[in-house]
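Quick note, the sequence shown lines up with residues 1 to 350 if you use the working numbering.
Glycine included, each C-beta is placed from N, C-alpha and C at the ideal position.
Structure, as structure tokens:
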Amino acid sequence: MRIEQDLKLDFKDVLIRPKRSTLSSRSEVEIKRSYNFKWSGQSFTGIPLIAANMDGVGTLSMARAFAQQGDGLTAALTKHYSVDDLVDFFNSDASENAWYSLGISDADSEKLAKVLDKLPGEKINKLCIDVANGYSERFSDFVKSMRDRYPDKTIMAGNVVTGEMTEELILCGADIVKVGIGPGSVCTTRKMTGVGYPQLSATIECADAAHGLGGLVCADGGCTVPGDIAKAFGAGADFVMLGGMLAGHDQCEGKIVEDENGQKFCTFYGMSSDTAMERHSGGVAEYRASEGKTVRIKYRGDVKDRTLQDILGGLRSACTYVGARQLKELSKRTTFIMVGQQINNIFGES
Ligand code: 5GP
1 MRIEQDLKLD FKDVLIRPKR STLSSRSEVE IKRSYNFKWS GQSFTGIPLI
51 AANMDGVGTL SMARAFAQQG DGLTAALTKH YSVDDLVDFF NSDASENAWY
101 SLGISDADSE KLAKVLDKLP GEKINKLCID VANGYSERFS DFVKSMRDRY
151 PDKTIMAGNV VTGEMTEELI LCGADIVKVG IGPGSVCTTR KMTGVGYPQL
201 SATIECADAA HGLGGLVCAD GGCTVPGDIA KAFGAGADFV MLGGMLAGHD
251 QCEGKIVEDE NGQKFCTFYG MSSDTAMERH SGGVAEYRAS EGKTVRIKYR
301 GDVKDRTLQD ILGGLRSACT YVGARQLKEL SKRTTFIMVG QQINNIFGES
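Encoded structure:
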């Protein structure tokens, strides 16, 4: 057994220090980014926020709403759409705004091959290979085999939280490594297993490792307010993935219920929760426990109205406070200061 003494931080433990700036308005800030991917040779220009591949978030409706918005926002589609629905969708103009998500089972690869078979080659150019624990050899091998099979598709793979595994996945062929174990709003992994890593430190360390190899990272999970998204980009994230912040909208494709006071709600759940496993796998397998929870959240209307405006406005404003004319400069201009409880923990105050 070993205890690592370095301090590891979460979004809540820091704030971004303001810096002298020549910007006079947040409208001067460019929050789109352009990337050339290391392996696929493809490029991306857009606002680098991705809707998580979760029921109620990574929906076809979300991807279509992002396509209408026109800023290059993308949605990682949930794994549970049928082949026909996926073929129809990827044949549409919104295909650029979506990632095809898959796990690492034979069934997942067969389904992808089937969908690709029915589409022109360029229609699906972004893959999100997603497992809860990206540390298994089987996962790295799978990423390698997908890179061999699909040399010109952009591959995002995860999740991991440490530099050495980020490097491993990039060397196996991932263009982007997805970072985050345990920070999700409906995730109970930290409680059920004791495993995890504070998300701000995970992002800083994995981004550093990825950038050293010409790869990128996507910080996935734990953002609850627009300021957390700014902190994730400040920490070096190239993309940020959002679950809970995008749940509860018209695009959720789920039931919206009304209580006796006329208040509208939706159900939102983790993809390893009992609800998800009952829905998609006929129940929780005997050898495993659920690592996600089910919550009721307020219905918030169309995602394109208030929610996206708040998120994008908050991000522009964060850039203005530190004098970053482009989102690209945010990380270089970020100094985090530790706040409140974290300082108390260090100095032993209650
Ligand atoms: P959020 O933005 O809601 O804080 O986090 C979204 C992320 O939580 C997802 O992209 C995914 O990585 C993670 N996640 C989703 N469902 C579950 C779950 O049931 N269990 C765990 N451990 N993580 C989940």
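Secondary structure at CYS223: coil, using DSSP grouped into helix, strand and coil. Nearest Cα to GLY301 within the set MET192, SER317, PHE265 and SER281: PHE265. Counted as a single uninterrupted DSSP element, the beta strand (DSSP E) harbouring LYS298 occupies residues 294–298.
The C-beta distance from ALA52 to MET241 rounds to 5 Å, short enough to fall under 8 Å. According to the DSSP assignment, ARG149 belongs to the alpha helix (DSSP H) that extends over 137–149.
Annotation for ALA174: VAL143, ILE155 and ALA157 place their beta carbon closer than 6 Å to its own, counting only its chain and skipping 5 residues before and after. The beta carbon of GLY314 sits closer than 6 Å to the beta carbons of PRO226 from its chain, once the five residues preceding and following it are set aside; these are given in chain order.
The alpha-carbon separation between VAL161 and ASN261 amounts to approximately 43 Å. Considering only VAL257, ASP274 and PRO198, the residue with the shortest C-alpha distance to VAL186 is ASP274.
Bridge pairing for CYS252: absent [DSSP]. VAL284 is not a Cβ neighbour of PRO18, given a cutoff of 9 Å. The C-alpha of GLU278 lies about 45 Å from the C-alpha of LYS332.
Within the DSSP secondary-structure output, ALA210 pairs in no beta bridge. With respect to the 9 Å criterion, CYS218 and ILE31 are not classified as neighbours on the basis of their beta carbons.
Straight-line spacing of the CA atoms in GLY184 and ASP220 works out to 8 Å. At a Cβ-Cβ threshold of 9 Å, ALA132 and SER317 do not count as neighbours.
Exclusion of CYS206 from the 8 Å shell around the ligand 5GP follows from its C-beta lying no nearer than that to any non-hydrogen atom of the ligand. Comparing C-alpha distances from GLY254 to each of ALA207, THR59, LEU200 and GLY163 shows the shortest one belongs to THR59.
For VAL179, the secondary structure class from DSSP, reduced to helix, strand or coil, is strand. Per DSSP, LEU127 is one residue of the beta strand (DSSP E) stretching across 126–130.
From the listed residues ALA276, PHE239, SER92 and GLN199, the smallest Cα separation to ASP55 is found for ALA276.
For GLY248, the CB contacts under 7 Å within the same chain, skipping 5 residues up- and downstream, are CYS266, PHE268, ILE297, LYS298, TYR299 and ARG300 in chain order. If the five residues before and after GLN326 are omitted, its C-beta is found closer than 6 Å to the C-beta atoms of GLU30, all from its own chain and listed in chain order. The DSSP-derived three-state label of GLN69 is helix. Between TYR100 and LEU112 the beta-carbon gap is near 7 Å, inside 8 Å, which marks them as a contact. Counting only the Cα atoms, PRO198 lies some 14 Å from GLY163. Residue environment for ARG149: exposed (fewer than 16 other C-beta atoms within 10 angstroms of its C-beta).
Between the alpha carbons of LYS328 and ARG138 lies a gap of roughly 34 Å. Close CB contacts of ALA94 within its chain, under the 6 Å cut and outside five residues either way in sequence, are with ALA63, ARG64 and ALA67 (chain order). Going by DSSP, ILE170 is part of the alpha helix (DSSP H) stretching over 163–171. Taking the Cα positions, TYR35 is about 14 Å away from GLY236. In the assembly as shown, ILE129 is a buried residue. Its beta-carbon has 16 or more other beta-carbons within 10 Å.
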